[in-house]
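Remarks on the structure that follows.
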């Protein structure tokens, strides 16, 4: 746990108990729809956490032994937990260790330090908790003080779990996010199949480009009606360009006759169409850029997607977004949030861009950079040019539900440390710092994502 | 204002009162030629400051309402100032806030904090000052302790304002800088027209490449005679390459028949010609690289150039300058100063290059990086490889005349903080720090730009 | 010398006296084979140190006057030393100053500060030491507490000096490293000649690709028999790709008829072959990437290679290594250590990659970044994602033998400062820090390079 003293402690005290606004993440809505107990400690804390199993894999631990993917199906949860506990020192210095320690001590009330020797004892104590109704998803959601939680959902999702939550008596707010990449990106292996499903879902005739656009509008409207306030895109290489005749390219792609150039051009065009639809319907647009996915082919083949081999690459936001911004970037009320894994773009590109374009907000430190030092570098590199009001506040961006309070806590400590430093350097006084702290902790996220109740 | 204590305060005290050497910037020479009072607080402090209006624009304020460009012609200065004051909190954490606060308190003697409520009062108090002879350009120049101020002037400028200053009884030193990009870069929309004007200005026959070179030499000689000690280039993508037959490319371009490839090749060749002329005439060469200009087409169309939409891009100094350096980089007495907006090149490219090539000096943190944290990152990343003597000292690079003392003050505080840290870490002792402090504050700038009187 | 107090001093005290493991560097094995006295102070400390003469050259000192290369043959050592001493202040703030001061005070026992005035006195005192048997190479090696020292040797080297060391009664461990670039990279001007020499050395028929591979295997086996535990590659632009028919490309290249594309493809293929051979024979593979060599053609022509004009460029490790990693990256017991001069890849690429692939380890801060601030940036940017166990410990990577203790000392101080900060921030406690300190100082290097005795 990061120590805070003096001004940082004062500032932290004022924001640590604020509600959690979680406008972007990957929790499964079915958890809150079904409200079933979580199965066991390993399945809850180890198996789905790519931060955890990637580190173990990097040191020679087998993914199958960790219960990952199809080859891991038969693994014994207790053995998995032992394996994790034995390698616990590997996480020294990483945010995973902070998150996991927070979950163990703050959420699960376990003070015994984790080690190979204590693995079984801790496993048992967690297992006990999981059958306690206070540790079911909805109860934890309430206990965590979550004001609103956004999930991330494919364009073809029927949002039945969100519907079930809405229909239930539970008052927790869980909203979907529209992530349409698999119907926009022709290089997706299921693109053609997905077009068919899109037609089916919407009743639109997607044999024309206009029909395709109408289908997307219909899905956006459905998501919005279900509570969505935002869309999201995960893009490896940022590219936007307006096509004069998208229909022609669409027809080639729809018939499976498009080239790679067509695919790239079409996706680059569709991002602008999406931005234009955001101008129409008010959904906030998000771009998560620069992650090269599934770079380990063997792991992908055996264990599937999202298995720790997604690696950041350098990004060119300036030229990549030029076409999109020049089409809609000056439009009132359009909001586009950019997330980067390439920290070199904080000061060079994102802060100057967000410090000019009315639509842009800089997303918080993402993924590998959602860490104590990553947060410090972020503030150091974005604030002087973008100020505070061009930031999008915090996202936990996690599928590890139990870690949500830990992640917001790390951010809030980082906010307190940053503001303490600003005060110490004379950049501004404590009064200003006390106004900025809750802004960074909660308000900017709520406002940017239009999640005000 | 950045707090300084202990060693940093000691070091700062010794350099804060040193004269200001301003070897690169964008003040208008007519201010000092005419010595008219500045018109009003908004026109002085808000309207021309792209740091200020870009931030306001990013938060939805209309540029026209801020008096910017042709659409802003009719805006009422008092209303502009109110608009600025109302949004003053947006600048928390930015260097603009530091500069503006310094101008208000130190230069204009206004202690009332700026806010929507105090806007009118402060406006009136500034307006009063501006009619006071002590706040005319020449008086301020003298009061600021400016030893020399360089302006930046197009190759076709007649330097009549500089002539008027020289002819006046005022002893302030204002020197021009030769910025010839609009007669070197064939992609400039006015390139052909400018060639005609170049011929007219010099009497040279620019129908041959040799005549073109002769005309450039003539302009350089004229600038030098008028006091210039340096040239300057603003280049988006750094590229130099020596052409074996520049005449042929020149002829195509001169007839408006050159391709984009020709234009790029020609400009890349001309930079080397400029470097060679610097070897001949001793003018120090500057390259400001990697700013993509006017990226917001709508703002460019309505409000013109330099309206806050210039965004940095990644730069490759190593391959970009290889041809130039291999032609003149080992020549005695040639000086080339490099400015980057891509901080990743500080440690990776610029420091190793400046730590080898006799001609190279690293320019100070530029533009978005001319900030407290930017200065700290600069020292952190350049000194260990380049040392101190391969740096070019400080530039304020501003068109905001009143902010010049503030900017030099921020640098001097940054110097003091850096040197304090070096002493604390045992890198060197206080005696060395006391020698390096004035070097960084004034001497390196004066020496590198050959501005010694 | 960096000051350490409190926790840092405690941690440093525990590791400062540990043996030196030097798994990668450029000392000449003949020093230890012959054990002749070093010739004179200038030839020992100034002439071979490209960190030193590049800085002097950047400030206008002639390389010939510094005794560098053929033009420097006749230079008087005492004059060289005077020239260096006169420019000693240029090194303020650089690691060279730290290293040189350490050598003068700790190794040579000279407390008189270096300056133009003291140059002769210090020169004489060093010269006296050099004739003392205690300052011969083997005695210094022992006195420095070097457990093992790896040299870097071309694939065609006969390793006769290593053989002589082995045959001697001296017990110092000096092992070779297999650096085969000049027989792998067809763009090497001597590539064809080197193929011939490779055939001669091994007795293999290199007229077929299989024969070529057999010859490489033979050389690797020879190096391994002579004590080598690692290979090394110095590559400007990282590129790997598996060729389906390498024989065809090889035949074109072998006949001198290959294109540049062939050369690049072949080298990119051969890196994968080398990785596969490492899987077979257990030699640890190293890649030093992203240095553009000999960028100053005039210096190269007159003074030769490695004369301070090697400049880093941006690197793409992700796409560059994708083919290699997908072929062998999941193989048990394969180790590949990556060294970068592009610090932007620490957090963006190397830490995520090393935090996933079982084979990868991140090399320590290299060359320009082997400095106090460079070490701090390294820890700040790699640990949170890669942890500590995916690091390769420290390399001094030097040809300046006397500076080895100084370089390890700087690293150990940097380790202590980093760990102190971790403890202060509450990332982990002192007990963990005390376990990680010797790991970073010695154990990771020994283990990663398989140098355990």
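Residue numbers (my numbering), protein chains in the order written: chain A, 9 to 461; chain B, 9 to 461; chain C, 9 to 461. All C-beta atoms, glycine included, are put in the ideal place defined by N, C-alpha and C. Since we're looking at a predicted model, the values are computed, not measured.
Residues that residue 284 (chain C) bridges to, as DSSP identifies them: Start at 1 with the first residue of the third chain, and residue 284 (chain C) comes out as number 276. Residue pairing by DSSP places residue 284 (chain C) opposite no residue, since no beta bridge is assigned to it.
Helix, strand or coil at residue 402 (chain C) [DSSP, three-state]: Locating residue 402 (chain C) in the third chain gives position 394, where the first residue counts as 1. DSSP places residue 402 (chain C) in coil when its eight states are reduced to three.
Residue nearest to residue 32 (chain B) in terms of C-alpha spacing, selected from B:323, B:241, B:212 and B:319: Here residue 32 (chain B) refers to the residue found at position 24 of the second chain. Nearest C-alpha to residue 32 (chain B) among B:323, B:241, B:212 and B:319: B:241.
Counted within 10 angstroms of its Cβ, other Cβ atoms place residue 432 (chain C) as buried (16 or more) or exposed: Your numbering for residue 432 (chain C) matches position 424 in the third chain. With fewer than 16 other Cβ atoms within 10 Å, it is exposed.
Contact the region 375-383 of chain C vs the region 377-393 of chain B: 3+ CB pairs below 8 Å: Judged by Cβ distances under 8 Å, the region 375-383 of chain C makes contact with the region 377-393 of chain B, as three or more pairs qualify.
Three-pair Cβ contact test at 8 Å for the region 140-147 of chain B versus the region 47-63 of chain B: The count of Cβ pairs closer than 8 Å, one atom from the region 140-147 of chain B and one from the region 47-63 of chain B, stays below three, leaving the stretches out of contact.
8 Å Cβ shell around residue 374 (chain B) - same chain, five flanking residues per side excluded: For the purposes of this step, residue 374 (chain B) is taken as residue 366 along the second chain, with counting starting at 1. Within the same chain, residue 374 (chain B) has close Cβ partners 296, 347, 348, 349, 403 and 405.
Touching by the beta-carbon criterion (3+ pairs, under 8 Å), the region 71-79 of chain B and the region 111-122 of chain B: The way I'd put it, the region 71-79 of chain B doesn't touch the region 111-122 of chain B; fewer than three beta-carbon pairs between them come closer than 8 Å.
Short CB-CB distance (under 8 Å) between residue 92 (chain B) and chain A: Translated into the one-based positions of the second chain, residue 92 (chain B) becomes position 84. For residue 92 (chain B), the nearest beta carbon of chain A is not closer than 8 Å to its own beta carbon.
Chain-ordered chain F contacts of residue 300 (chain A) [CB-CB under 9 Å]: Judged by its chain identifiers, the structure shown contains no chain F, and its protein chains are A, B and C.
Contact belief for residue 193 (chain B) with residue 186 (chain B) at Cβ below 8 Å, rounded distance in angstroms: One-based indexing of the second chain puts residue 193 (chain B) at position 185. One-based indexing of the second chain puts residue 186 (chain B) at position 178. About 15 Å; that fails the 8 Å criterion.
Rounded separation between residue 107 (chain A) and residue 99 (chain A) - CA only: Translated into the one-based positions of the first chain, residue 107 (chain A) becomes position 99. Translated into the one-based positions of the first chain, residue 99 (chain A) becomes position 91. Distance between the alpha carbons of residue 107 (chain A) and residue 99 (chain A) is about 11 Å.
is_contact[residue 436 (chain A), chain B] using C-beta, thresh 8 Å: Taking the first residue of the first chain as 1, we reach residue 436 (chain A) at position 428. At a cut-off of 8 Å between C-beta atoms, residue 436 (chain A) counts as an interface residue with respect to chain B.
CA nearest to the CA of residue 362 (chain C), picked from C:377, C:396 and C:340: Position 354 of the third chain, counted from the start, is the residue given in the question as residue 362 (chain C). Relative to residue 362 (chain C), the option among C:377, C:396 and C:340 whose CA is nearest is C:396.
Below-8 Å beta-carbon distance, residue 350 (chain A) vs any chain C residue: The count along the first chain starts at 1 and reaches residue 350 (chain A) at position 342. Chain C contact via Cβ: present.
Alpha-carbon spacing of residue 67 (chain C) relative to residue 398 (chain B), whole angstroms: Along the third chain, one-based indexing puts residue 67 (chain C) at 59. Along the second chain, one-based indexing puts residue 398 (chain B) at 390. So the alpha carbons of these two residues sit roughly 8 Å apart.
Pick from A:359, A:303 and A:289 that is closest to residue 7 (chain A), judged by C-alpha positions: Residue 7 (chain A) lies beyond the residue range present for chain A, which begins at 9 and ends at 461; the question has no answer from this structure.
Where the region 267-285 of chain B meets chain C: residues whose CB sits under 7 Å from a CB there: Listed by position, the residues of the region 267-285 of chain B near chain C (Cβ gap below 7 Å) amount to none.
Residue 360 (chain A) at chain B interface by Cβ criterion, 8 Å: Here residue 360 (chain A) corresponds to residue number 352 of the first chain, with the count starting at 1. At least one chain B Cβ lies under 8 Å of residue 360 (chain A).
Residue environment, residue 341 (chain A), which counts as buried when at least 16 other CB atoms sit within 10 Å: Locating residue 341 (chain A) in the first chain gives position 333, counting from the first residue. Classification for residue 341 (chain A): exposed.
Cut-off 6 Å between Cβ atoms - residues of its own chain near residue 90 (chain B), not counting five sequence neighbours on either side: Reading the second chain from its first residue, position 82 is the one you call residue 90 (chain B). If we look at residue 90 (chain B) and ignore the five residues flanking it on each side, its Cβ neighbours are 127.
Within chain C, partners of residue 415 (chain A) - CB distance below 9 Å: Walking along the first chain from the start, residue 415 (chain A) turns up at place 407. Identification of chain C residues near residue 415 (chain A) by a Cβ-Cβ cut-off of 9 Å yields none; the smallest Cβ-Cβ distance measures about 14 Å.
Nearest-angstrom Cα separation, counted from residue 206 (chain C) out to residue 272 (chain A): Translated into positions along the first chain, residue 272 (chain A) becomes position 264. Translated into positions along the third chain, residue 206 (chain C) becomes position 198. Distance between the alpha carbons of residue 272 (chain A) and residue 206 (chain C): 47 Å.
Counted within 10 angstroms of its Cβ, other Cβ atoms place residue 394 (chain C) as buried (16 or more) or exposed: In the third chain, counting from the first residue as 1, residue 394 (chain C) sits at position 386. The residue is buried, with at least 16 neighbouring Cβ atoms inside 10 Å.
DSSP three-state assignment for residue 293 (chain C), whether helix, strand or coil: As a first step, residue 293 (chain C) must be located in the third chain, where it is residue number 285. For residue 293 (chain C), the secondary structure class from DSSP, reduced to helix, strand or coil, is strand.
Chain C residues whose Cβ lies nearer than 9 Å to that of residue 304 (chain A): Numbered from 1 along the first chain, position 296 holds the residue referred to as residue 304 (chain A). By Cβ distance, chain C contributes 333, 334, 337, 338, 364 and 365.
Ordered list of alpha helix (DSSP H) runs contained in the region 87-124 of chain C, each at least 4 residues: Within the region 87-124 of chain C, the complete alpha helix (DSSP H) runs of at least 4 residues are 103-110.
Chain-ordered chain C contacts of residue 388 (chain B) [CB-CB under 7 Å]: For the purposes of this step, residue 388 (chain B) is taken as the residue at position 380 of the second chain. Those within 7 Å of residue 388 (chain B) in chain C are 381.
Residue from C:423, C:376 and C:367 whose Cα sits closest to the Cα of residue 391 (chain C): Counted from its first residue, the third chain places residue 391 (chain C) at position 383. The candidate whose alpha carbon is nearest that of residue 391 (chain C) is C:423.
For residue 299 (chain A), the three-state DSSP class (helix, strand or coil): Reading the first chain from its first residue, position 291 is the one you call residue 299 (chain A). Note: residue 299 (chain A) maps to strand in three-state DSSP.
Burial state of residue 265 (chain A), where buried means 16 or more other Cβ atoms lie within 10 Å: Start at 1 with the first residue of the first chain, and residue 265 (chain A) comes out as number 257. Its Cβ having fewer than 16 others within 10 Å, residue 265 (chain A) is exposed.
The region 89-115 of chain B: positions lying closer than 7 Å to chain A by Cβ: With the criterion set as a beta carbon lying under 7 Å from some beta carbon of chain A, the members of the region 89-115 of chain B are 98, 99, 100, 101, 102 and 103, in sequence order.
Nearest-angstrom Cα separation, counted from residue 459 (chain C) out to residue 195 (chain B): Along the second chain, read from residue 1 onward, the residue named residue 195 (chain B) stands at position 187. Along the third chain, read from residue 1 onward, the residue named residue 459 (chain C) stands at position 451. The straight-line gap from Cα to Cα measures roughly 59 Å.
CB-CB length for residue 184 (chain A) against residue 161 (chain A), believed under 8 Å: Within the first chain, numbered from 1, the residue matching residue 184 (chain A) stands at position 176. Within the first chain, numbered from 1, the residue matching residue 161 (chain A) stands at position 153. Indeed they touch by this definition, with Cβ atoms about 5 Å apart.
Other residues of its chain near residue 158 (chain A): CB distance less than 6 Å, five sequence neighbours each side excluded: Residue numbering aside, residue 158 (chain A) sits at position 150 when the first chain is read from its first letter. Closer than 6 Å at the Cβ level, and outside the excluded window around residue 158 (chain A), lie 31, 32, 183 and 185.
3 or more residues per run - each beta strand (DSSP E) lying fully within the region 217-278 of chain B: For the region 217-278 of chain B, the continuous beta strand (DSSP E) assignments of 3+ residues that do not extend past its boundaries occur at 241-243, in sequence order.
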